[in-house]
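Asks:
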Amino acid sequence: MAFDWITGGSLPQFWKNYTSFFEDDNNALQKKYVVFDMDATGLDWKEDVILSIVALGVDGDAINVGEFIEIYIQQDKYTSNSIAAQGIVNNGAEKVVEAEAMIQFLNFAKDAVLVGHNVNLDIEMINQALKRLGLGRLKNQFMDTNVLYQKLKDLPDGTKTGLDEICDALKIDKNERNTISGNTYSTALAFIKMKKKLDI
Amino acid sequence: MNNPIAQTVVDFLKYYPPFESLSKEDLQLIAINTKIKSLDKNEILFKGGDTTHTDFYVIKAGAIGLSLTSDAEEMLIDKCDEGDILGLRPFFAKNDYLLTAKAREESIIYAIPILFFQQFITKNAKVLEFLLESFASQTRNPHDKERSGKLLAENTIFSDQVADIQYFQPIKYTHNPITANPEDLLMFIAKTMTNSTIGSVIIQENQLPIGIITDRDLRSKIATGLFPITAEAKEIMTTPVITVPENISVAEAQMIMLKYNVGHLCVTRDGTDNSTISGIISEHDVVAAQANTPGVLLKQTRRATNNKELKYVREKLSDLIQNSIDKNIPISHISNIVAEINIALTRRAIELAVEKIGTPPPVRFAWINVGSQGRKEQLLKTDQDNALVFEDVEPAQYDAVKRYFTELAEFVTDSLNKVGYEFSPYNIVARNTQWCKSVTDWINQYNTWINAPAEKGIEISALFFDFDFIYGYPAIEEALTDNIKVKINKNKKFFAYMASDTLKNLPPLGFFRQFLVENDGEHKDTFDIKLRALEPLIDAARVLILSHGITDITNTYQRFKKLAELEQQNADLYDECAEAFNLLQHFRTEEGLKNDSNGRYINLSELSKTDKVKLKNCFEPIGNVQDIIKNRFSLTFIS
Chain A
1 MAFDWITGGS
11 LPQFWKNYTS
21 FFEDDNNALQ
31 KKYVVFDMDA
41 TGLDWKEDVI
51 LSIVALGVDG
61 DAINVGEFIE
71 IYIQQDKYTS
81 NSIAAQGIVN
91 NGAEKVVEAE
101 AMIQFLNFAK
111 DAVLVGHNVN
121 LDIEMINQAL
131 KRLGLGRLKN
141 QFMDTNVLYQ
151 KLKDLPDGTK
161 TGLDEICDAL
171 KIDKNERNTI
181 SGNTYSTALA
191 FIKMKKKLDI
Chain B
1 MNNPIAQTVV
11 DFLKYYPPFE
21 SLSKEDLQLI
31 AINTKIKSLD
41 KNEILFKGGD
51 TTHTDFYVIK
61 AGAIGLSLTS
71 DAEEMLIDKC
81 DEGDILGLRP
91 FFAKNDYLLT
101 AKAREESIIY
111 AIPILFFQQF
121 ITKNAKVLEF
131 LLESFASQTR
141 NPHDKERSGK
151 LLAENTIFSD
161 QVADIQYFQP
171 IKYTHNPITA
181 NPEDLLMFIA
191 KTMTNSTIGS
201 VIIQENQLPI
211 GIITDRDLRS
221 KIATGLFPIT
231 AEAKEIMTTP
241 VITVPENISV
251 AEAQMIMLKY
261 NVGHLCVTRD
271 GTDNSTISGI
281 ISEHDVVAAQ
291 ANTPGVLLKQ
301 TRRATNNKEL
311 KYVREKLSDL
321 IQNSIDKNIP
331 ISHISNIVAE
341 INIALTRRAI
351 ELAVEKIGTP
361 PPVRFAWINV
371 GSQGRKEQLL
381 KTDQDNALVF
391 EDVEPAQYDA
401 VKRYFTELAE
411 FVTDSLNKVG
421 YEFSPYNIVA
431 RNTQWCKSVT
441 DWINQYNTWI
451 NAPAEKGIEI
461 SALFFDFDFI
471 YGYPAIEEAL
481 TDNIKVKINK
491 NKKFFAYMAS
501 DTLKNLPPLG
511 FFRQFLVEND
521 GEHKDTFDIK
531 LRALEPLIDA
541 ARVLILSHGI
551 TDITNTYQRF
561 KKLAELEQQN
571 ADLYDECAEA
581 FNLLQHFRTE
591 EGLKNDSNGR
601 YINLSELSKT
611 DKVKLKNCFE
621 PIGNVQDIIK
631 NRFSLTFIS
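Residue numbers (the UniProt record's numbering), protein chains in the order written: chain A, 1 to 200; chain B, 1 to 639.
Written as structure tokens, this is what we have:
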């Protein structure tokens with residue numbers, strides 16, 4: 001059974017694999033990033049849960065189109081109100097349980113730097129999901145495109161800039177912005193552009 | 001697996017060749033192997049000389065310029081934008097990139113692994129065909145002239161398409177040339193030269209070039225007995241030797257040779273004679289490198305068999321002019337080349353017309369270009385002004401002969417029109433029966449202009465005093481010029497009218513030194529550089545040079561240069577006029593190339609501040625030279 005570790009007390013294999021990536025502090029020349037975005041039932045990280053996650057790999061300064069994952073999560077307790085609100089059409093894609101989603105996500109992310117727009121909330125949502133599985137918190141470093149934008153434009157700390165506005169400022173086409181995969185793609189483009197400008 | 005990001009890549013690629021001929025599945029495979037990169041403005045994607053990348057690139061958004069570096073300067077060869085492919089060189093050649101690709105604006109590019117893409121080339125005949133066709137035909141996209149999905153010149157740099165570019169490429173020359181010491185005996189130097197079949201030896205001291213001995217020196221100084229063959233190198237060497245930097249272009253090498261009248265240039269590390277010798281450029285290197293330049297255009301002109309081929313040459317010529325302007329090659333140099341090709345085009349058009357008519361001309365004749373063509377100042381596609389003069393014939397034959405030549409002129413002017421030279425607004429073309437007549441009729445015509453210069457008559461006739469013999473029997477043209485010379489000599493009335501006509505041109509600047517721009521019409525708020533700046537200079541040069549009885553120099557620049565020689569007291573002013581004229585021509589040519597127009601109207605708001613100042617400085621000599629004309633031809637009495 002998939003949930004053996006919960007009762008057995010020992011940590012599951014995927015978690016061991018995941019944590020092992022962080023053991024040797026290898027300084028690979030080409031930094032690895034994973035840009036991700038998610039859809040959740042709400043904005044309260046304690047109460048709400050994740051409905052889907054999209055993640056995209058970035059090697060150094062290049063987006064790897066083929067390195068892409070899209071996970072839909074079965075959340076029985078919740079109605080699909082917020083799904084409708086976000087305009088997500090889940091055309092019958094296979095849904096997985098939250099545990100399986102975490103396995104897939106961590107296998108994908110490995111030790112890459114996680115990048116997202118207003119990433120703190122997303123990270124916390126994942127941490128909560130991991131907590132429900134009796135596991136520790138994410139070990140990855142993470143970067144926030146909102147913070148990068150602050151640095152780029154010398155905005156005061158705490159300024160919130162929407163992804164749309166950033167895309168406009170960076171001349172990124174937004175026609176893909178209605179889905180989370182579109183959001184992820186825009187975030188990734190914004191990320192590689194700002195990364196270059198900030199010389200990270 | 002569903003991958004919407006790969007889908008956006010597919011949705012983009014599928015509209016551009018060669019991807020359009022690939023299946024959805026193949027495109028999907030390509031997409032998931034694609035990397036997306038961003039380029040900042042001015043970021044370099046790859047540099048000429050860099051080892052090739054493992055990917056080739058498709059531009060998703062933005063624009064990337066391809067340029068070639070020579071003379072330590074970048075020359076833009078091509079600009080690629082959305083859907084264009086670049087970096088394909090590794091498909092065809094194993095060596096390094098030739099061109100530099102630099103983002104001209106912020107860009108997003110798709111990087112597709114070449115190794116991975118290769119399978120689609122072998123699998124899909126259309127893709128292969130596209131790449132091969134592009135490679136062979138030199139148009140970057142053989143299927144679509146609309147500039148989408150191009151393959152770029154970087155693959156095809158050795159082809160004809162970029163022929164004129166070669167003229168501006170770094171010249172190939174002999175590295176590590178044979179040198180000799182100043183104390184070496186001539187006899188031995190000559191032996192070395194003979195053994196290695198070279199035409200020159202650089203004389204060096206501590207690796208620095210101090211002189212050169214060429215075949216010419218041996219001929220003029222040894223063979224004439226001026227020096228014995230036992231003389232030392234330092235006694236007869238030509239010194240100083242002309243030195244140039246490495247990476248000099250063919251065009252520049254040629255110009256320096258012309259400038260110093262030498263056949264060899266010594267290449268040194270930093271271009272001065274205080275650094276080590278690294279090579280030698282001979283005239284032969286220049287000739288060899290030019291296999292594809294103005295010379296070839298001339299050859300193509302001479303071999304053209306129809307209007308289309310002539311038109312092709314004229315189009316290539318525009319590219320050549322653009323490149324020359326970009327490279328800041330002196331405008332007089334460009335004008336000369338362009339004039340030669342224009343003349344060759346006209347000659348060929350005449351030959352083709354004679355063939356078309358089927359019978360040779362009944363009598364001897366001369367084809368003459370007048371106006372700007374006659375002055376060899378035609379850089380852009382402007383009007384054609386020409387005339388035909390035929391030998392005097394018996395009155396009985398006159399009509400038939402005239403009919404033949406009018407028909408001939410009809411063909412010639414028509415084909416020139418098709419090539420891109422529009423008919424002149426005053427209809428001064430040889431097909432007009434008024435400008436196609438016998439020598440005697442022409443002499444009478446000139447005499448009327450000279451002796452009875454009615455204001456209206458002068459306006460047109462001024463053009464006819466700038467004429468250039470193009471084709472036929474030069475003696476006919478000489479008969480005309482001889483007559484003109486005699487008739488205008490000391491002809492006060494004629495010069496007074498010519499001069500007053502010259503001064504009628506509008507001044508370029510207002511009272512507050514501001515540009516006077518057009519007040520209304522299509523060209524509102526632009527500056528008419530032809531009417532207000534160029535024409536006053538052209539007219540002034542004409543009337544002044546004619547007053548010296550010189551009819552064979554028609555080029556405005558050369559007229560001023562000659563005037564500077566003839567009138568020592570005004571030499572400075574005339575030199576200024578000559579320079580101003582060239583600079584103004586430069587402005588006009590650039591404007592014309594930019595807008596594909598005749599460049600007459602300059603949009604001042606597009607000029608930089610320094611350019612405006614430069615332009616204004618050109619106007620000063622105009623006023624001064626007009627003052628000279630006013631005083632010399634006592635105009636105050638007439639007007």
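We put the beta carbon where it would ideally sit given N, CA and C, even for glycine.
1. So, at 7 angstroms on beta carbons, what are the nonlocal neighbours of residue 525 (chain B) in its own chain, with the 5 sequence-adjacent residues on each side left out?
2. Which whole-angstrom value is the C-beta distance of residue 429 (chain B) and residue 479 (chain B), which I expect to be below 8 angstroms?
3. Would you call the stretch 53 to 71 of chain A in contact with the stretch 159 to 170 of chain A, where contact means no fewer than 3 C-beta pairs closer than 8 angstroms?
4. Taking buried to mean at least 16 other C-beta atoms within 10 Å of its own C-beta, is residue 486 (chain B) buried or exposed?
5. Secondary structure at residue 262 (chain B), three-state DSSP: helix, strand or coil?
6. Can you tell me the Cα-Cα spacing of residue 17 (chain A) and residue 98 (chain B), whole angstroms?
7. In whole angstroms, what is the alpha-carbon distance linking residue 184 (chain B) and residue 284 (chain B)?
8. Do the CB positions of residue 231 (chain A) and residue 35 (chain B) come within less than 8 angstroms of each other?
9. Using a C-beta cutoff of 8 angstroms, does residue 168 (chain A) count as contacting chain B?
10. Run through the DSSP bridge pairs and tell me what residue 64 (chain A) is partnered with.
11. Tell me, please, whether the CB atom of residue 9 (chain B) is closer than 8 angstroms to any CB atom in chain A?
12. Check the Cβ-Cβ distances between residue 311 (chain B) and every residue of chain A, and say whether any is below 8 angstroms.
13. Using the C-alpha atoms, what's the distance from residue 104 (chain A) back to residue 14 (chain A)?
14. Using the DSSP secondary-structure output, state which residues sit across from residue 384 (chain B) in a beta bridge.
15. Who are the Cβ neighbours of residue 217 (chain A) in its own chain at under 6 angstroms, not counting the five residues just before and after it?
16. Closest to residue 204 (chain B) by C-alpha separation, out of B:326, B:277 and B:341, would be which residue?
17. Would a check of beta-carbon distances place residue 187 (chain A) closer than 8 angstroms to chain B?
18. Taking C-alpha atoms, which residue in B:244, B:56 and B:258 lies nearest to residue 87 (chain B)?
19. Mapping the DSSP letters down to three states, classify residue 597 (chain B) as helix, strand or coil.
20. For residue 333 (chain B), name the three-state secondary structure that DSSP assigns.
21. Please list, in chain order, the residues of the stretch 27 to 41 of chain B that have any C-beta partner in chain A closer than 7 angstroms.
22. What is the DSSP secondary structure of residue 196 (chain B), counted as helix, strand or coil?
23. Apply the 10 Å Cβ neighbour rule to residue 175 (chain B) and answer buried if 16 or more other Cβ atoms are within range, or exposed otherwise.
24. Less than 8 angstroms between the beta carbons of residue 640 (chain B) and residue 368 (chain B), yes or no?
25. Counting only runs of 3+ residues fully inside the stretch 116 to 178 of chain A, write out the beta strand (DSSP E) ranges in chain order.
26. Enumerate, from N- to C-terminal direction, the unbroken alpha helix (DSSP H) stretches of 4 or more residues contained entirely within the stretch 343 to 368 of chain B.
27. Nearest to residue 662 (chain B) by CA position, among B:605, B:623, B:483 and B:467, is which residue?
28. If you measure beta-carbon to beta-carbon, which residues of the stretch 46 to 80 of chain A are closer than 8 angstroms to chain B?
29. Buried or exposed, going by whether 16 or more other CB atoms sit within 10 Å of the CB of residue 209 (chain B)?
30. Can you tell me which of B:548, B:121, B:117 and B:181 puts its alpha carbon nearest to the alpha carbon of residue 206 (chain B)?
31. Among B:229, B:300 and B:173, which has the Cα closest to the Cα of residue 246 (chain B)?
32. Kindly say whether residue 173 (chain A), judged by its beta-carbon, lies nearer than 8 angstroms to any beta-carbon of chain B.
33. Give the single residue among B:63, B:82 and B:65 whose Cα lies nearest to the Cα of residue 15 (chain B).
34. Do the stretch 335 to 355 of chain B and the stretch 295 to 306 of chain B make contact, defined as three or more Cβ pairs closer than 8 angstroms?
35. Can you tell me which residues form a DSSP beta bridge with residue 232 (chain B)?
36. Would you say residue 210 (chain B) faces chain A, with C-beta separation under 8 angstroms as the test?
Replies: Walking through what the data contain:
1. 517 and 518
2. With a Cβ gap of about 22 angstroms, residue 429 (chain B) and residue 479 (chain B) do not count as contacting.
3. no
4. exposed
5. coil
6. 47 angstroms
7. 26 angstroms
8. In the structure displayed, chain A extends from 1 to 200; residue 231 (chain A) sits before or after that span and is not available.
9. no
10. A:57 and B:35
11. yes
12. no
13. 9 angstroms
14. B:423
15. In this structure chain A extends from 1 to 200, so residue 217 (chain A) is not present and cannot be described.
16. B:277
17. no
18. B:56
19. coil
20. helix
21. 31, 32, 33, 34, 35, 36, 37, 38 and 40
22. coil
23. exposed
24. Examination of residue 640 (chain B) is not possible in this model, given that chain B is present from 1 through 639 alone.
25. 142 to 144
26. none
27. Missing from the structure shown is residue 662 (chain B); chain B here goes from 1 to 639 and no further.
28. 56, 59, 61, 62, 63, 64, 65, 66, 68 and 70
29. buried
30. B:181
31. B:173
32. yes
33. B:82
34. yes
35. B:185
36. no
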